[in-house]
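Engineer: Here it is, the structure, as structure tokens.
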Amino acid sequence: MTPADLELALDWAAAEGWNPGLTDAIAFHQTDAQGFLMGHIGDQPVGSIAAVRYGDRYGFLGIYIVQPQWRGRGYGMQLWQAGLQILGDRTLALDGVLAQVDNYQTFGFKTAHHHIRYEGLGEAYAKQAGVVPLRDIPFTTLLDYDTQHFLDRRPTFLQAWIGLNEGYAFLEHGQLLGYGVIRATRRGFKLGPLFADRPAIAQALFQALLTHAIGQPVFLDCPDANPEAIALAETHDMKPMFTCARMYTQAPPPLPLSNIFGVTTLELG
């Protein structure tokens, strides 16, 4: 895909109710420019898939959409097979809508846990001690911390993500113990990632981020395997909207789910 193609695919995602970020296409395309495919009938774009490579071990599938008028003709399967070919023998991951879980299982995917999207409203909070602007953190320090909570190192994506969006980190005795990012979306704002060593740190970051969206809809994708993440959302009067399944083709990676309070994006993991 060209960057313009990716913008179109995210328009389709918005029409499906996925509410992508306003600058997501920039960060996504920089992550793996060859990992985004658009299917055409003649000059007509009809479907999309992301097949993004994270190092040599992991690949993530997302933005898998066929325009409604072209469904049921096998075009989606052609895109799917092309995406699998790009990812090769890596362990594959995706966040699948529940209606498609059975289909993904036929390709060897197994559910590891679920992500629940919560919706609430931004509001003002006093910034707590330890919360600092993300730009104050050396990038190598942030990358090392991020890698502890993700499938693999993602320096290109992370550099773009934090450059395009607002974020905060939490420092204690000079040590990085959490960080979070908020970005504008087609409707309101999304928080992600939100990684923290303790629930109290997650709350401090969460509240600092909410202050950037006062009175606006705010969304957080929480892993159900972390009950503290669910508690964080619900104690701030957020309501569940929908659930999707995090699935892998091999054993799930040893992620510290108790420290993951919000995933980065459902489109790219």
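Heads up, our numbering is the position in the sequence shown plus 45, with the first residue counted as 1. Every residue gets a Cβ at the ideal spot worked out from N, C-alpha and C, and that includes glycine. In this text, all values refer to a predicted model and were calculated from it rather than measured experimentally.
Identify whether F251 lies in helix, strand or coil by the three-state DSSP scheme.
Structural biologist: For the purposes of this step, residue 251 is identified with residue 206 of the sequence shown, where counting begins at 1. Helix.
Engineer: What ranges does the beta strand (DSSP E) occupy inside the region 49 to 103, keeping only unbroken runs of at least 3 residues that lie completely in it?
Structural biologist: DSSP runs (the beta strand (DSSP E)) wholly in the region 49 to 103: 81 to 86 and 89 to 99.
Engineer: By alpha-carbon positions, which one of G219, P48, E273 and G165 ends up nearest to T186?
Structural biologist: Locating residue 186 in the sequence shown gives position 141, where the first residue counts as 1. When only C-alpha atoms are compared, the closest one is G219.
Engineer: How would you call N271, buried or exposed, if buried means at least 16 neighbouring beta carbons within 10 angstroms?
Structural biologist: Against the sequence shown, residue 271 aligns to sequence position 226. N271 comes out buried.
Engineer: Do the CB positions of M283 and E168 come within less than 8 Å of each other?
Structural biologist: Against the sequence shown, residue 283 aligns to sequence position 238. Against the sequence shown, residue 168 aligns to sequence position 123. No, the pair does not count as a contact, with Cβ atoms beyond the cut-off.
Engineer: Is it right to say Q126 is buried, meaning 16 or more other beta carbons lie within 10 angstroms of its own, or is it exposed?
Structural biologist: Counting from 1 along the sequence shown, the entry for residue 126 is found at position 81. Classification of Q126: exposed, given that the 10 Å Cβ count is below 16.
Engineer: Determine which residues share a DSSP beta bridge with Y213 and list them.
Structural biologist: Walking along the sequence shown from the start, residue 213 turns up at place 168. Its beta-bridge partners are P178 and G225.
Engineer: Nearest chain B C-beta to G92 closer than 8 Å, yes or no?
Structural biologist: Among the chains of the structure shown, chain B does not appear; only one protein chain is present.
Engineer: By Cβ distance below 6 Å, which residues in the same chain neighbour R198 in space, the five residues on each side in sequence not counted?
Structural biologist: By one-based count along the sequence shown, residue 198 stands at place 153. Counting only Cβ-Cβ distances below 6 Å, and skipping sequence neighbours, we find T192.
Engineer: Look at the alpha carbon of T151 and the alpha carbon of T294, and state the distance between them as a whole number of angstroms.
Structural biologist: Reading the sequence shown from its first residue, position 106 is the one you call residue 151. Reading the sequence shown from its first residue, position 249 is the one you call residue 294. Taking the straight line joining both Cα atoms gives about 11 Å.
Engineer: Can you tell me whether DSSP reads Y109 as helix, strand or coil?
Structural biologist: As a working note, residue 109 is residue 64 in the sequence shown. Three-state result, Y109: strand.
Engineer: Rounding to the nearest angstrom, what Cα-Cα distance links D101 and G260 in this structure?
Structural biologist: Within the sequence shown, residue 101 is the residue found at index 56, counting from 1. Within the sequence shown, residue 260 is the residue found at index 215, counting from 1. Taking the straight line joining both Cα atoms gives about 43 Å.
Engineer: Checking the sheet assignment: what are the DSSP bridge partners for Q220?
Structural biologist: Counting from one through the sequence shown, the residue named residue 220 turns up at place 175. Note: Q220 sits in a beta bridge opposite E217.
Engineer: Just the C-alpha distance for D269 and F287, rounded to the nearest angstrom, thanks.
Structural biologist: Position 224 of the sequence shown holds residue 269. Position 242 of the sequence shown holds residue 287. Cα to Cα, the separation comes out at about 12 Å.
Engineer: Which same chain residues end up closer than 8 Å to A59 when comparing Cβ atoms and leaving out the 5 residues on each side of it in sequence?
Structural biologist: Counting from 1 along the sequence shown, the entry for residue 59 is found at position 14. Within the same chain, A59 has close Cβ partners P65 and R231.
Engineer: Within 10 angstroms of its Cβ, does K172 collect 16 or more other Cβ (buried), or is it exposed?
Structural biologist: Residue 172 sits at position 127 when you count from the first residue of the sequence shown. Answer is exposed; the Cβ neighbour count stays below 16.
Engineer: Determine the extent of the beta strand (DSSP E) in which T256 is found, giving its start and end residues.
Structural biologist: As a first step, residue 256 is located in the sequence shown; it is residue number 211 there, counting from the start. Per DSSP, T256 belongs to no beta strand (DSSP E) and is neither H nor E.
Engineer: Am I right that F251 and L277 are in contact with their C-beta atoms under 8 Å? What's the rounded C-beta distance?
Structural biologist: If you number the sequence shown from 1, residue 251 lands on position 206. If you number the sequence shown from 1, residue 277 lands on position 232. F251 to L277, Cβ: 6 Å. Contact.
Engineer: Just checking N271 against the ligand FAD - is the residue's beta carbon closer than 7 Å to any of the ligand's heavy atoms?
Structural biologist: Only the bare structure without any ligand can be found here, which leaves the ligand FAD out of the picture.
Engineer: Indicate whether the contact test is met: 3 or more Cβ pairs, each with one atom in the region 118 to 132 and one in the region 236 to 246, closer than 8 Å.
Structural biologist: No, the region 118 to 132 is not in contact with the region 236 to 246.
Engineer: Could you please give the first and the last residue of the uninterrupted beta strand (DSSP E) stretch that includes D269?
Structural biologist: Taking the sequence shown and counting its residues from 1, the one referred to as residue 269 is at position 224. Run containing D269: none; DSSP gives neither H nor E here.
Engineer: Who does D197 pair with in a DSSP beta bridge?
Structural biologist: Along the sequence shown, one-based indexing puts residue 197 at 152. Paired residue(s): none; D197 is not in a bridge.
Engineer: Look at the alpha carbon of A138 and the alpha carbon of G225, and state the distance between them as a whole number of angstroms.
Structural biologist: Looking up residue 138 in the sequence shown gives position 93. Looking up residue 225 in the sequence shown gives position 180. Their Cα atoms are separated by approximately 22 Å.
Engineer: Could you give the residue range of the beta strand (DSSP E) that holds V142?
Structural biologist: The residue you call residue 142 lines up with position 97 of the sequence shown. Note, V142: beta strand (DSSP E), T136 to V142.
Engineer: Which whole-angstrom value is the C-beta distance of F195 and A247, which I expect to be below 8 Å?
Structural biologist: On the sequence shown, residue 195 is found 150 positions in, with the first residue counted as 1. On the sequence shown, residue 247 is found 202 positions in, with the first residue counted as 1. Actually they do not touch by this definition, with Cβ atoms about 16 Å apart.
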